[in-house]
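Novice:
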Amino acid sequence: MNDFQPILTIHAGQPGSATLDYYLAHEGYRAARRAVLDMNSDEIIQMVKHSNLQGRGGAGFPAGVKWSFIPRDNKRPKYLICNADEGEPGTFKDRMLITHNPHQLIEGMIIVSRAIDCHLAFIYIRGEFVKEARLLEAAVEECRTSNILGKNIFGGKYDLEVLVYRGGGAYICGEEMALIESLEGKRGWPRIKPPFPAIEGYLRCPTIVNNVETLSNLPHIINNGAEWFRSIGASPDSPGPKLYCLSGHVKKPGVYEAPMGTELTTLIFNHAGGTPEGNKLKAVIPGGSSAPLLTAGEIEGLKMDFPSLTAAGSMLGSGGIIVMDETTDMVQACYNLARFYAHESCGQCTPCREGTAWMTKVLRRFTQGQGRREDIDLIMDITDNIGGLVDFSEGSFGKTVCPFGEAVSWPVRAFVDKFRDEFEAYLPKEAAA
Amino acid sequence: MPLLKLDDHELEVPKGTRILDAALKVGVEIPHYCYHPALSIAGSCRMCLVEVEGMPKLQTACSTPVGELPPEKKIDGRYDMVVHTTTGKVTAARKLVLEFLLINHPLDCPVCDQAGECSLQDYSFKYGQAHSRFIEDKRVRPREELGSGVVINHNRCIMCTRCVRFSREINGTGELFVEKRGYHSKIAVFNGKSLDNPLAGNVADICPVGSLLLKDYVHSTRVWHLSHTPSVCTECTAGCSITVDAANDRIYRIVSRENDQANGHFICDAGRYAFHAYVEGVLTEPLMRVKRGWKALSWDLAYRTVVDQIDRHGGKEAVRALASPTFPNESSFLLGQLMQRLSDKRNVAFILVEKGADQTFPAGFKISGDKGGNRRGAEDMISGLATGFKSFFKDEGGVLLVMDADGRAEVTADLKRLFKGSSFKVVLASNVSDVTTLADLVLPVAGPFEREGTVTNDQGLVQWLQSVLERKGLARPAWLVLAELDRLLTGEASLYTCAGDITWKINRTISAYSQATRFKLGSKGQFLTGTG
Amino acid sequence: MSFAFTADHKKRFSALLKQYPDRRSAALPALHLAQDQEGYLTTETIETLAQMLDITPATLMDTISFHTLFHTRPRGKYLLQVCQTLSCSLAGADEIVDHLSHRYQIKVGETTPDGRFTLLKVECLGACETAPVVQINDDYYEKVSKEKLNRILDKLP
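Shown next, in the form of structure tokens:
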């Protein structure tokens, strides 16, 4: 693993890497051209299925399998939406990919679009990324003038248009059903599933939503083959290069590309230089704020891929690693995240709308030194009632329309569960006794 | 067809039927808020969560369809889906969803008009927990008037969004929307605008809690004091089914009554508030025009006056009548019968009532432009006898017998001319109107909510009109007055003791009405043979 | 005070309507366009846009009020948006907020009397590796210390 050469971020930092000229000079659009002119839909889908590419947005669903859900006999137009609504705290890899290599993303989009017979694709990018949106528009324009997008691309018989769509500022719009609603011009209230977007998505037409990083992998899979992809990483069940985002208490925060399954300790201490001033590591959020945190004791030998993290009681999610050292006040950190989720709750369903606000109010009262002993269990109970225990044991399970319920519940639960002593320390002196 | 097992019930349902719809059909209660049969599915309140075998998480019954399994995969060898609504998981879920709903809900029951018909009360009692663990500050917002007589109490709102979906899907104005998101979400109308559409009041009917209420009704009574009488609205020819809520011989409100053969689930504001119009100017005794004004008569004297006037002014041949499209079929039937016995001429015309343009709404609701509520019925009753208004001008008149139209008669120049050209005008009416002021003799009859009988809407649906209030003073049912006049003028005694007796006669006399018997009308009515 | 797109924006809006398979999809792009032009969305702007998109103003307001980037009240010339979510909080976002609040003598959510600066706390801006992060109007300023921020603010026209 030490001699791993970056694949997705190989051009990062090179002058002009975002331009079409640069990309073409570095084998750019070779895969898309092949996909459009020499491959058919089944071949592309099979190849990607075989590669075991899992979604990099957070859910980890196998990309090729998702594409195969599009019903063949459906006469309605098909749509591809690139999810660039990167809002998961601790995650900043998509911004990096867009900034340094927008064409890699566009090429990936052409490959998927070809596979699912889509002729109009969207890049839904969070509204705050203004510079990045302009960059994408410029890249798309370059493609249009070079017959890479538009009619009869690459001189073949396939048309494809890409539109860059700026969001309006809502984390929930990163959830695919809410994203689709927002793209339709409505409020981002996630639709109930079923029907799934592959059957009824944008404008009730078959739609695929894929993350930026997922799409960026595709040119490489087409160029080098599924076997090559499977060979990268600790296990062929969860393979490929992965962009890990390290932030928080590390000396060198940033995006680090490494094979899937790289050990978490390697990422924190080798790549990111470890904690500042040699402070002791206290806890790590391994996959974006929605992933339950792990204590320093729990991360020894932990491989950063989907199955390993699930087995450890957390999730790989977006790969956003937030490191917390001994100077971290875990109660404040917990409140910080609860407040984030309360702010971003879309409000559609009862448990999340009322529960996130309630939980945040209790936590705030806690941080102000007015917590009661029973509040600690109350918080656990509230999280339970919104999002359920990770193992769906009897009497507790997610009750919400969308995974936001689990996203707020599991992390907050983990904070309270694993740092109960810090919560107890916040109790007013009489109660703590 | 797929076989569903729902608790102890086994039922075959068309593929795609939602679990909640199946449950409603067999009477299994699955509590719900955001679901409404006339609106799109939201699946957001999470109250209807049920356990579906084979699915790890609870599913919302309102949105989960019953599918079909291949024979080898059927549950217990026969079922396509097995649903449990009373397991520990389900009862726990309901309890906890209710806890969430109540944390910001004020303890307003003692002052809230929804009390007694509130789903939050009912479900809390049945499925909730007795205490709240919430000790934080509640979200507090002031009450707002939205317009069209609708007020919203934001603190009580549970964000089921029925009102927003109604505003978009049923009345099409899209005036209500959800503002902001998350905990700060609230129902709103756009900046400075007010709710302004003919169906506005329905949002108060469909609001499951005491958030949306009608100004007209708030703080006037308690629902448990009210009697609920199923009846029909007669303000226009759409003939919507309604429930009239009254106490102490006073109507407090009218709400819609579900009838998939007529109005569906809603009524318009005109019908909803119509009962107010009949409270003033109630006629309580026969009145005779005299030089100084009006003189009260006994019924005996009133009847004798009519007979007398007919003798003096051209006799039976010269009698003409104006039927009204607002009275039930029974009155019109007797009027027709009477006029037929008086002469062979076509001597009945219709009093003029507005026939404007219909108002249609996106999901099919219609307000008819024809404000003669029972016009179809009235025309059916006197068919063959009816003639045009203007033909009356050919002859100088004898006695004119007029059925008034509950304040909706158009007093045109022609009507005034007709009145002038008739020697004696007898008007049967319940309230003082522009028509009664032109009469010579006013006979007080039952008002719109005091009448009984059948009415026929413009689709040919016959429904039973049920009386709600007592007649005032000496007012009598119109059919009774006409039967008595018939007896006095033709010698033919009728044996009718109630409106229903006349309905039976209609069933035997007019073939299209043969199936519209009281038995068959039930609560949803019966279509005329050859229609529906 | 009625609203109309500038000639250039009008062209862009017409192009938008043609590009999207459904008119209503053009809502967010249209709102960004109008807000960039006017600074914020007035009632008249919303009514005009709603008409152009063939929806009711209430329906458009539904979308507007859901998304935090759209403002229906005037804001300062410079919108100082300080990220307060975990990584930035661990890097000292609270001090940055206090610093700005003190520098401009306004509380969070308020605008300076001269209308130049509005101070807001926002959630994760997606640039956690360079925490703390402040977004001023459309631009990200990353790894800001109090001194660096002062220098940036001093230079603003």
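Protein chains in written order, with numbering that gives the first Met the number 0: chain A, 0 to 432; chain B, 0 to 531; chain C, 0 to 156. Ideal Cβ positions, reconstructed from N, Cα and C, are used throughout, including at glycine.
1. Can you say whether A:Asp304 is buried or exposed, counting buried as having 16 or more other CB atoms within 10 angstroms of its CB?
2. Evaluate B:Ser255 with the Cβ neighbour count: other Cβ atoms within 10 Å of its Cβ, from every protein chain shown; 16 or more gives buried, anything less gives exposed.
3. For A:Cys348, does the three-state DSSP call read helix, strand or coil?
4. Looking only at its chain, what residues have a beta carbon closer than 8 Å to the beta carbon of A:Ser392, apart from the 5 residues adjacent to it on each side?
5. Which one of B:Gln465, B:Phe423, B:Ile169 and B:Leu119 has the shortest CA to CA distance from B:Asp310?
6. Is the Cβ of C:Ala92 closer than 7 Å to any Cβ of chain A?
7. List the residues of chain C that B:Leu175 touches, going by C-beta distances under 8 Å, in chain order.
8. Tell me the rounded alpha-carbon separation between B:Gly529 and B:Thr508.
9. Would DSSP call B:His312 helix, strand or coil?
10. Under 7 Å, Cβ to Cβ, is there at least one residue of chain C near B:Lys185?
11. Compute the Euclidean distance between the alpha carbons of A:Lys251 and A:Ala271, then round it to the nearest angstrom.
12. Measure the alpha-carbon distance for B:Ala428 versus B:Ala91 and round it to whole angstroms.
13. Report yes or no: is there a C-beta of chain A within less than 7 Å of the C-beta of B:Lys56?
14. Whose CA, out of C:Asp53, C:Arg74 and C:Ser88, lies closest to the CA of B:Thr172?
15. Using CA atoms only, rank isn't needed, just tell me which of B:Gly66, B:Val188, B:Tyr277 and B:Val454 is closest to B:Pro1.
16. Quick one: measure Cβ to Cβ for B:Val150 and B:Leu212, integer angstroms, because I've assumed they're closer than 8 Å.
17. Can you give the beta carbon distance from B:Arg132 to A:Leu182, rounded, assuming they're within the 8 Å contact cut?
18. Taking the CB atoms as reference points, tell me whether B:Arg319 and B:Leu399 lie closer together than 7 Å.
19. Measure the Cβ-Cβ separation of B:Asp357 and B:Gly372 and say whether it is below 7 Å.
20. Measure from the C-beta of C:Glu122 to each C-beta in chain A and report whether the shortest distance is under 7 Å.
21. Using 8 Å as the cut-off, can you tell me whether the segment 328-343 of chain A makes contact with the segment 19-26 of chain B, which would need three or more C-beta pairs spanning the two stretches below that distance?
22. In three-state DSSP terms, what is B:Met158?
23. Would you mind telling me which residues of chain A sit closer than 8 Å to B:Glu135, beta carbon to beta carbon, in chain order?
24. Output the distance between the C-alpha atoms of B:Leu481 and B:Val467, rounded to the nearest integer angstrom.
25. Going along chain B, which residues have a C-beta under 9 Å from C:Asp53?
26. Under 9 Å Cβ-Cβ, which residues of chain C neighbour A:Glu141?
27. Any residues in the segment 157-169 of chain A with a beta carbon nearer than 8 Å to a beta carbon of chain C? Which ones, in chain order?
28. What's the call for A:Arg229, buried or exposed, on a 16-neighbour Cβ count within 10 Å?
29. If you compare alpha carbons, which of B:Ala477, B:Trp463 and B:Ile505 is closest to B:Gln525?
30. Verify the CB distance criterion: does B:Gly117 have a CB-CB separation below 7 Å to chain A?
31. Is DSSP giving C:Leu98 helix, strand or coil here?
32. For the alpha helix (DSSP H) containing B:Val281, list its first residue and its last residue.
33. Just the Cα atoms here: how many angstroms apart are C:Gly91 and C:Val143?
34. Got a sec? Which residues, its chain only, sit under 7 Å from A:Met358 by beta carbon, not counting five neighbours each side?
35. Does any C-beta atom of chain B lie closer than 7 Å to the C-beta of C:Ser1?
36. Which term fits A:Ile191, buried or exposed, when burial requires 16 or more other beta carbons within 10 angstroms of its beta carbon?
Specialist: This is what the structure gives:
1. Taking the first sequence and counting its residues from 1, one reaches residue 304 of chain A at position 305. Flag for A:Asp304 reads buried.
2. The sequence position of residue 255 of chain B within the second sequence is 256, counting from 1. The residue is buried, with at least 16 neighbouring Cβ atoms inside 10 Å.
3. For the purposes of this step, residue 348 of chain A is taken as the residue at position 349 of the first sequence. In the structure shown, A:Cys348 sits in coil (DSSP, three-state: anything other than H, G, I, E or B).
4. Residue numbering aside, residue 392 of chain A sits at position 393 when the first sequence is read from its first letter. The pLDDT assigned to A:Ser392 is 47, lower than 50, so where the model puts this residue is not dependable, and the model offers no usable value.
5. Position 311 of the second sequence, counted from the first residue, corresponds to residue 310 of chain B. The option with the nearest alpha carbon to B:Asp310 is B:Phe423.
6. The sequence position of residue 92 of chain C within the third sequence is 93, counting from 1. Contact of C:Ala92 with chain A is not assigned, every C-beta pair being separated by 7 Å or more.
7. By one-based count along the second sequence, residue 175 of chain B stands at place 176. Under the 8 Å cutoff, chain C gives Ala57.
8. Residue 529 of chain B sits at position 530 when you count from the first residue of the second sequence. Residue 508 of chain B sits at position 509 when you count from the first residue of the second sequence. If you draw a straight line from the Cα of B:Gly529 to the Cα of B:Thr508, it is about 16 Å long.
9. Your numbering for residue 312 of chain B matches position 313 in the second sequence. Coil at B:His312, not helix or strand.
10. Here residue 185 of chain B refers to the residue found at position 186 when the second sequence is read from its first residue. Under the 7 Å criterion on CB atoms, B:Lys185 is classed as non-interfacial with respect to chain C.
11. Your numbering for residue 251 of chain A matches position 252 in the first sequence. Your numbering for residue 271 of chain A matches position 272 in the first sequence. Rounded to whole angstroms, A:Lys251 to A:Ala271 spans 5 Å at the Cα level.
12. For the purposes of this step, residue 428 of chain B is taken as the residue at position 429 of the second sequence. For the purposes of this step, residue 91 of chain B is taken as the residue at position 92 of the second sequence. The alpha-carbon atoms of B:Ala428 and B:Ala91 are separated by roughly 60 Å.
13. Indexing the second sequence from 1 puts residue 56 of chain B at position 57. Chain A, which has a Cβ nearer than 7 Å to the Cβ of B:Lys56, makes this yes.
14. Counting from one through the second sequence, the residue named residue 172 of chain B turns up at place 173. If we check each option's Cα against that of B:Thr172, C:Asp53 comes out closest.
15. As a working mapping, residue 1 of chain B is identified with position 2 in the second sequence. Of the listed residues, the one whose Cα sits closest to B:Pro1 is B:Gly66.
16. Indexing the second sequence from 1 puts residue 150 of chain B at position 151. Indexing the second sequence from 1 puts residue 212 of chain B at position 213. About 5 Å separates the two Cβ atoms, so the contact holds.
17. Here residue 132 of chain B is taken as the residue at index 133 of the second sequence, counted from 1. Here residue 182 of chain A is taken as the residue at index 183 of the first sequence, counted from 1. So it is not a contact: roughly 39 Å between Cβ atoms.
18. As a first step, residue 319 of chain B is located in the second sequence; it is residue number 320 there, counting from the start. As a first step, residue 399 of chain B is located in the second sequence; it is residue number 400 there, counting from the start. Going by C-beta atoms, B:Arg319 is nearer than 7 Å to B:Leu399.
19. Counting from one through the second sequence, the residue named residue 357 of chain B turns up at place 358. Counting from one through the second sequence, the residue named residue 372 of chain B turns up at place 373. When the beta-carbon positions are compared, B:Asp357 and B:Gly372 stay at least 7 Å from each other.
20. Counted from its first residue, the third sequence places residue 122 of chain C at position 123. By the rule that beta-carbons nearer than 7 Å mark a contact, C:Glu122 touches chain A.
21. Not touching, per the Cβ criterion.
22. Reading the second sequence from its first residue, position 159 is the one you call residue 158 of chain B. Reduced to three states, the DSSP call for B:Met158 is coil.
23. Locating residue 135 of chain B in the second sequence gives position 136, where the first residue counts as 1. Against chain A, a Cβ distance below 8 Å from B:Glu135 picks out Trp357, Lys360, Val361 and Arg364.
24. Locating residue 481 of chain B in the second sequence gives position 482, counting from the first residue. Locating residue 467 of chain B in the second sequence gives position 468, counting from the first residue. Each residue's alpha carbon lies about 22 Å from the other.
25. Translated into positions along the third sequence, residue 53 of chain C becomes position 54. None at all; the shortest Cβ gap to chain B is about 11 Å.
26. If you number the first sequence from 1, residue 141 of chain A lands on position 142. Against chain C, a Cβ distance below 9 Å from A:Glu141 picks out nothing, because the smallest value is about 18 Å.
27. Against chain C - using a Cβ distance shorter than 8 Å - the residues of the segment 157-169 of chain A are Glu160, Leu162, Tyr164, Arg165, Gly166, Gly167, Gly168 and Ala169.
28. Along the first sequence, one-based indexing puts residue 229 of chain A at 230. Looking at its Cβ environment, which holds 16 or more other Cβ atoms inside 10 Å, A:Arg229 is buried.
29. Numbered from 1 along the second sequence, position 526 holds the residue referred to as residue 525 of chain B. Of the candidates B:Ala477, B:Trp463 and B:Ile505, the one whose C-alpha sits nearest the C-alpha of B:Gln525 is B:Trp463.
30. Within the second sequence, numbered from 1, the residue matching residue 117 of chain B stands at position 118. It should be pointed out that residue 117 of chain B corresponds to Cys in this sequence rather than to Gly. B:Cys117 is outside the set of residues whose beta carbon lies under 7 Å from a beta carbon in chain A.
31. Residue 98 of chain C sits at position 99 when you count from the first residue of the third sequence. It is His, not Leu, that sits at residue 98 of chain C in the sequence shown. Helix, per DSSP.
32. Sequence index remark: in the second sequence, residue 281 of chain B carries index 282 (1-based). Counting along the chain, B:Val281 falls outside any alpha helix (DSSP H), and DSSP gives it neither H nor E.
33. The residue labelled residue 91 of chain C in the question sits at position 92 within the third sequence. The residue labelled residue 143 of chain C in the question sits at position 144 within the third sequence. Taking the Cα positions, C:Gly91 is about 10 Å away from C:Val143.
34. Here residue 358 of chain A refers to the residue found at position 359 when the first sequence is read from its first residue. The residues are Ala337, Ile378, Ile381, Thr382 and Val411.
35. Residue numbering aside, residue 1 of chain C sits at position 2 when the third sequence is read from its first letter. Using a Cβ-Cβ cut-off of 7 Å, C:Ser1 does not count as an interface residue toward chain B, since no Cβ of chain B sits closer than that to its own.
36. Taking the first residue of the first sequence as position 1, residue 191 of chain A is located at position 192. With 16 or more Cβ atoms within 10 Å of its Cβ, A:Ile191 is classed as buried.
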